[in-house]
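In this note's numbering, the protein residues as written are 36 to 224.
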């Protein structure tokens, strides 16, 4: 039994390492504009969804550096048709993709932006509602030859609050998944 488990583990490792190290046959030579949706979940708190876009140019660090914008909100997640707190995140990001020729690429991203919570009752008007955002993310991106990208990462908000010195609904640890499509990709790429 132990030999069988070892054999399965070895075959799995070989298969995964081959898939991760695959080189696309035709790496694109043009600019990339990925547009899509982002799903974000603060650990032990709200689910948020939104839109995201990121741009890379071949002359920007060999198409490893992506500059992006995202809008994530609980209005399309937990707060959709409920009495949950409505909150909005506006992010500007710079992401770096390691191993640009691999199908599965490690990535790191730095986000900065603005957070706003909208409490439904005037009873909470004295509580902090807004905050600056600063968060690094680390994860993996599945980047096949066709223009789809699936990105999953974990991040940490450096600026959080306890409800007195900052918004109490801005939690530190979050996970996110983005699904984007390169809208500049055409049949000749």
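Just so you know, even glycine gets a beta-carbon here, dropped at the ideal spot from N, CA and C. Keep in mind that this is a model prediction, so the values were computed, not measured.
Residue 88 places its beta carbon 8 Å or farther from that of residue 100. Excluding its 5 nearest sequence neighbours in each direction, residue 152 has C-beta neighbours in its own chain below 6 Å: 120, 122, 164, 202 and 204, listed in chain order.
Residue 214 and residue 185 do touch by the CB rule: their CB atoms are close to 6 Å apart, below 8 Å. The alpha-carbon separation between residue 159 and residue 85 amounts to approximately 26 Å. Nearest to residue 176 by alpha-carbon distance, out of 102, 139 and 131, is 139. Per DSSP, residue 124 is one residue of the beta strand (DSSP E) stretching across 121-132. Under the DSSP assignment, residue 85 falls in the beta strand (DSSP E) whose first and last residues are 82-91. Distance from the Cα of residue 206 is smallest, within the candidate group 67, 83, 72 and 73, for 83. In the structure shown, residue 168 adopts extended strand secondary structure according to DSSP, grouped into three states.
Burial state of residue 217 is buried, judged by a 10 Å Cβ sphere holding 16 or more other Cβ atoms. Comparing alpha carbon positions, the residue from 72, 183, 174 and 178 closest to residue 189 is 174. Rounded to whole angstroms, residue 171 and residue 127 show a C-alpha spacing of 12 Å. Pairing residue 150 with residue 169 gives a Cβ-Cβ distance that is not under 8 Å.
Between residue 65 and the set 73, 74 and 95, the nearest pair of CA atoms involves 95. Put simply, of 80, 110, 76 and 93 the residue whose alpha carbon is nearest the alpha carbon of residue 67 is 93.
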